[in-house]
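Chemist: Here my numbering runs 956 ahead of the position in the sequence shown, where the first position is 1. Yeah, the Cβ is synthetic: ideal placement off N, Cα and C, and Gly gets one too. It should be emphasised that the depicted structure is a prediction, and the values quoted were computed from it without experimental measurement. Here you go, one structure.
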Amino acid sequence: MAGARAAAAASAGSTASSGSPPPQEPGLWELLEEFSRTQYRAKDSGGKSGSKVERIEKRCLELFGRDYCFSVIPNVNGDICGHYPRHIVFLEYESSEKEKDTFQSTVQVNKLQDLIHRSKMARCRGRFVCPVILFKGKHICRSATLAGWGELYGRSGYNYLFSGGADDTWANTEDVTEEDFVLRSGDTHLFDKVRGYDIKLLQYLSVKYICDLMVENKKVKFGMNVTSSEKVDKAQRYANFTLLSIPYPGCEFFKEYKDRDYMAEGLIFNWKQDYVDAPLNIPNFLTQSLNIDWSQYQSWDLVQQTQNYLKLLLFIMNRDDDSGLLVHCISGWDRTPLFISLLRLSLWADGLIHTSLKPAEILYLTVAYDWFLFGHMLVDRLSKGEEIFFFCFNFLKHITSEEFCLKTQRRKSLPTRDAGFTVEDICMLRHKDRGSTTSLGSDFSLVLEHSPGAVGSFSYETVELAPAGAPTQAAWRKSHSSSPQSMLWSRPQPSEERLPSHHGLTEAKSSSSSSSNHSDNFFRMGSSPLEVPKPRLTALSDRETRLQEVRSAFLAAYSSTVGLRAAAPSPSGAIGGLLEQFARGVGLRGTSTSAL
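Encoded structure:
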């Protein structure tokens, strides 16, 4: 593998801007190899794998420190959450090198850590609300959805039994503290207490907008509710937040993406399935400024749906108010990192966050922090063909146009083109179709839920913490000079089901983004869809150039680790040769090299 890395660094592949492959982050190969080998767990810190994880963690802290002053919330041995980073970064404000020498934290880490300990029980798998991006002094946060009654009282037993014996962090009795036990053994005010602490944490982070990606109101397994969500909290504890229901397909749907040769165009989710009961619900004041017909969301293909949801999230964060954003799905480790990663890369491409990071560095940061260290189970997803991780970075070619740009001064959008490689450049062998045994979005994991207490029983202890949002936003300004009425779209009743097809494209409306029509913007060197395309040499915007370089760097590293390593003899005998052709096309191999 060392020879392949050297070849990648020195080779003269093809990119539009420089005629050479994009610069690579030295540790990206090691990161992807470790990521595709095992799921990260905070308590696994010993041995050879532990030293690799330590290097990954250290590199993330270095990259965050380039542009921000931050505090670290310790999560040693997964004391707070077993599949969150051991060093949770709390970004406080953007800073120059001079300011780093005089950094004074505005965060009371001990009290914040105590609030997190109290609030984590409110969320599925203990995946509490965690800030991960700082933009205009506002926090973009991630979490799992709200936990149900059964998980609060029997998380360890149910998770172990219905995840196929997987060693989940909650399946270990040493992870359950005495305080947790007392909390679980409480009376009917349990939901008031834990969700009350969850609300206090949201308020501390100045979060106002909560975007729920679940396609269900409550996750149901074997006829029982296993999780809840803010939008169906019977006590209406979250009524003071702006709740958005933006249903998005779970990781299982991305098996169809892979089976269709990684073609997201024309791939439409089947909204008529029995378990899909969460309609799109967005407040009117957020829909009026976007030129999107939200009533047609069930006819969008995967490209258009992802584009429009990203536009919505960007619009929310670019508003003039001081409010932060929470994005979550069920467990918070598939759909959630998809949109967190796209948000980070989109804002970076506009020069609005992580301004000193190069394309290879921001790629490393988002893969390592947003995906690996927050517990995405790449090994499990790859084994089932649910390639949402690959989709995320390949999707960058669809958000290069200026309509996704948040810069104050926007110039006219330039003609877009493909980022240099096609989806089909990497062809993974198909595995037997089966659900993810460890995903709450599948049919194989279970926790129980009981209805929360009645309205009026909401109470919780006071935690003395000043909101972090105020000083954070004040620092940003210095350096830079009741629930609203909602629009609700229920599920229509079409005459025919619109199921995605593996062999043909499902009829769909074209994407609203000009960047999605990428197939006409490059020339192919041959007739095979797996051949590396030859890009046109056209003038590119800064945004497009930056995202192109990130995507190219990802495909190059992915093919040399996950993609090439997974290759095996196929019935046609062509898969290995096609991967080899791709490796040569991006400069990872010469015309005659030894095996990796």
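In three-state terms, what does DSSP make of F1210?
Modeler: The count along the sequence shown starts at 1 and reaches residue 1210 at position 254. If DSSP states are grouped into helix, strand and coil, F1210 belongs with the helices.
Chemist: Quick check on the DSSP output: the beta strand (DSSP E) that includes R1098 runs from which residue to which?
Modeler: Numbered from its first residue, the sequence shown carries residue 1098 at position 142. Segment K1094 to S1099, the beta strand (DSSP E) holding R1098.
Chemist: Does the separation of the CB atoms of I1296 and V1088 fall below 8 Å?
Modeler: Position 340 of the sequence shown, counted from the start, is the residue given in the question as residue 1296. Position 132 of the sequence shown, counted from the start, is the residue given in the question as residue 1088. For I1296 and V1088, yes; Cβs fall inside 8 Å.
Chemist: Roughly how many whole angstroms lie between the Cα atoms of H1206 and Q1069?
Modeler: As a first step, residue 1206 is located in the sequence shown; it is residue number 250 there, counting from the start. As a first step, residue 1069 is located in the sequence shown; it is residue number 113 there, counting from the start. Residue identity differs from the one stated: residue 1206 is Gly in this sequence, not His. Going by the C-alpha atoms only, they are around 31 Å apart.
Chemist: Between A1305 and R1502, which are expected to be in contact by the criterion C-beta below 8 Å, what is the C-beta distance as a whole number of angstroms?
Modeler: For the purposes of this step, residue 1305 is identified with residue 349 of the sequence shown, where counting begins at 1. For the purposes of this step, residue 1502 is identified with residue 546 of the sequence shown, where counting begins at 1. That belief holds up - the Cβ atoms of A1305 and R1502 are roughly 5 Å apart, short of 8 Å.
Chemist: Using CA atoms only, rank isn't needed, just tell me which of N1264, D1215, L1242 and L1282 is closest to D1276.
Modeler: Here the question's residue 1276 lines up with position 320 in the sequence shown. Closest option to D1276, Cα to Cα, is L1242.
Chemist: Can you tell me where the alpha helix (DSSP H) holding D1498 begins and where it ends?
Modeler: Within the sequence shown, numbered from 1, the residue matching residue 1498 stands at position 542. That run of the alpha helix (DSSP H) goes D1498 to Y1514.
Chemist: Checking 8 Å against the spacing of the C-beta atoms, do Y1153 and R1074 come in under that value?
Modeler: Residue 1153 sits at position 197 when you count from the first residue of the sequence shown. Residue 1074 sits at position 118 when you count from the first residue of the sequence shown. Yes. Within cutoff.
Chemist: Grab the span of the alpha helix (DSSP H) containing T1517 for me, first residue to last.
Modeler: By 1-based counting over the sequence shown, the position of residue 1517 is 561. Bounds of any alpha helix (DSSP H) do not take in T1517, whose DSSP letter is neither H nor E.
Chemist: Rank H1354, E990 and D1148 by C-alpha distance to the C-alpha of S1302 and give the top, closest one.
Modeler: Locating residue 1302 in the sequence shown gives position 346, where the first residue counts as 1. The candidate whose alpha carbon is nearest that of S1302 is H1354.
Chemist: Is S1075 helix, strand or coil when you go by DSSP?
Modeler: Counting from one through the sequence shown, the residue named residue 1075 turns up at place 119. In the displayed model, S1075 falls within a helix according to three-state DSSP.
Chemist: What first and last residue would you give for the beta strand (DSSP E) that runs through N1237?
Modeler: Within the sequence shown, residue 1237 is the residue found at index 281, counting from 1. Its beta strand (DSSP E) spans residues L1236 to P1239.
Chemist: So who's on the other strand from Y1024, going by DSSP bridges?
Modeler: Here residue 1024 corresponds to residue number 68 of the sequence shown, with the count starting at 1. Note: Y1024 sits in a beta bridge opposite E1050.
Chemist: Measuring alpha carbon to alpha carbon, tell me which of W1105, F1210 and I1072 ends up nearest L1158.
Modeler: Here the question's residue 1158 lines up with position 202 in the sequence shown. Closest option to L1158, Cα to Cα, is I1072.
Chemist: Where does H1284 sit, in a helix, a strand or coil, going by DSSP?
Modeler: Within the sequence shown, numbered from 1, the residue matching residue 1284 stands at position 328. Three-state result, H1284: strand.
Chemist: Identify the continuous alpha helix (DSSP H) that holds Y1153 and give its terminal residues.
Modeler: Here residue 1153 corresponds to residue number 197 of the sequence shown, with the count starting at 1. Counting along the chain, the alpha helix (DSSP H) containing Y1153 begins and ends at L1146 to Y1160.
Chemist: For K1267, which of A1316, S1339, A1234 and C1361 has the nearest alpha-carbon?
Modeler: Translated into positions along the sequence shown, residue 1267 becomes position 311. Per the Cα distances, C1361.
Chemist: Is it right to say K1175 is buried, meaning 16 or more other beta carbons lie within 10 angstroms of its own, or is it exposed?
Modeler: What you label residue 1175 is simply residue 219 of the sequence shown in a count that begins at 1. Flag for K1175 reads buried.
Chemist: Cutting at 8 Å between CB atoms, please list the residues of its own chain near F1026, excluding the five before and the five after it.
Modeler: For the purposes of this step, residue 1026 is taken as residue 70 along the sequence shown, with counting starting at 1. Within the same chain, F1026 has close Cβ partners F1020, V1045, F1046, L1047 and E1048.
Chemist: Determine the direct distance from the alpha carbon of H1043 to that of V1506, and round the result to whole angstroms.
Modeler: Sequence index remark: in the sequence shown, residue 1506 carries index 550 (1-based). Sequence index remark: in the sequence shown, residue 1043 carries index 87 (1-based). One C-alpha to the other measures close to 25 Å.
Chemist: Cβ atoms of L1236 and S1184: under 8 Å apart, would you say?
Modeler: Position 228 of the sequence shown, counted from the start, is the residue given in the question as residue 1184. Position 280 of the sequence shown, counted from the start, is the residue given in the question as residue 1236. Taking 8 Å as the Cβ cut-off, S1184 and L1236 do not qualify as a contacting pair.
Chemist: Where L1298 and N1274 are concerned, what is the direct C-alpha to C-alpha distance, given to the nearest angstrom?
Modeler: What you label residue 1298 is simply residue 342 of the sequence shown in a count that begins at 1. What you label residue 1274 is simply residue 318 of the sequence shown in a count that begins at 1. Taking the straight line from one Cα to the other gives about 15 Å.
Chemist: For V1163 and Y1218, what's the separation of their Cα atoms in angstroms?
Modeler: What you label residue 1163 is simply residue 207 of the sequence shown in a count that begins at 1. What you label residue 1218 is simply residue 262 of the sequence shown in a count that begins at 1. Roughly 35 Å separates the two Cα atoms.
Chemist: Here's a check: name, in chain order, each residue in its chain whose Cβ is nearer than 6 Å to the Cβ of A1324, leaving out the five neighbours to either side.
Modeler: Start at 1 with the first residue of the sequence shown, and residue 1324 comes out as number 368. Closer than 6 Å at Cβ, skipping near neighbours: L987, I1012 and C1016.
Chemist: Does the beta-carbon distance from D1215 to G1331 come in below 8 Å?
Modeler: Working through the sequence shown from its first residue, we reach residue 1215 at position 259. Working through the sequence shown from its first residue, we reach residue 1331 at position 375. In this structure, G1331 does not lie closer than 8 Å to D1215 by Cβ.
Chemist: Between the alpha carbons of L1223 and F1351, how many angstroms are there, rounded?
Modeler: The sequence position of residue 1223 within the sequence shown is 267, counting from 1. The sequence position of residue 1351 within the sequence shown is 395, counting from 1. Looking at the two C-alpha atoms, the distance is approximately 14 Å.
Chemist: For D1070, does the three-state DSSP call read helix, strand or coil?
Modeler: Indexing the sequence shown from 1 puts residue 1070 at position 114. Helix, per DSSP.
Chemist: Count the CB pairs spanning the segment 1186–1206 and the segment 1225–1235 that are closer than 8 Å, and state whether there are at least three.
Modeler: Touching, yes.
Chemist: Buried or exposed: S1251, going by 16 or more other Cβ atoms within 10 Å of its Cβ?
Modeler: Looking up residue 1251 in the sequence shown gives position 295. Exposed.
Chemist: State the start and end residues of the unbroken alpha helix (DSSP H) segment that holds T1262.
Modeler: As a working mapping, residue 1262 is identified with position 306 in the sequence shown. It spans L1258 to M1273 - the alpha helix (DSSP H) in which T1262 sits, taken as one unbroken run.
Chemist: Between the beta-carbon of T1517 and the beta-carbon of E1018, is there less than 8 Å?
Modeler: Along the sequence shown, one-based indexing puts residue 1517 at 561. Along the sequence shown, one-based indexing puts residue 1018 at 62. No, they are not a contact pair.
Chemist: Between F1346 and Y1514, which are expected to be in contact by the criterion C-beta below 8 Å, what is the C-beta distance as a whole number of angstroms?
Modeler: As a first step, residue 1346 is located in the sequence shown; it is residue number 390 there, counting from the start. As a first step, residue 1514 is located in the sequence shown; it is residue number 558 there, counting from the start. Confirmed, about 7 Å.
Chemist: Take M1170 and list the residues in its own chain whose beta-carbon comes closer than 7 Å to its own, dropping the five residues that flank it on each side.
Modeler: Residue numbering aside, residue 1170 sits at position 214 when the sequence shown is read from its first letter. Answer for M1170: T1101, S1185, P1203, A1234, C1285 and I1286, listed in chain order.
Chemist: Could you pull the start and end residues of the beta strand (DSSP E) that C1080 belongs to?
Modeler: Stepping through the sequence shown from its first residue, residue 1080 is reached at position 124. C1080 -> no beta strand (DSSP E), and no H or E assigned at all.
Chemist: Our contact map puts R1098 next to T1292 with C-beta atoms below 8 Å; I'd like the distance itself, whole angstroms only.
Modeler: For this step, residue 1098 is matched to residue 142 along the sequence shown. For this step, residue 1292 is matched to residue 336 along the sequence shown. Contact holds; Cβ gap of about 5 Å.
Chemist: If you follow the beta strand (DSSP E) that C1167 is part of, which residue opens it and which one closes it?
Modeler: Counted from its first residue, the sequence shown places residue 1167 at position 211. Segment V1163 to D1168, the beta strand (DSSP E) holding C1167.
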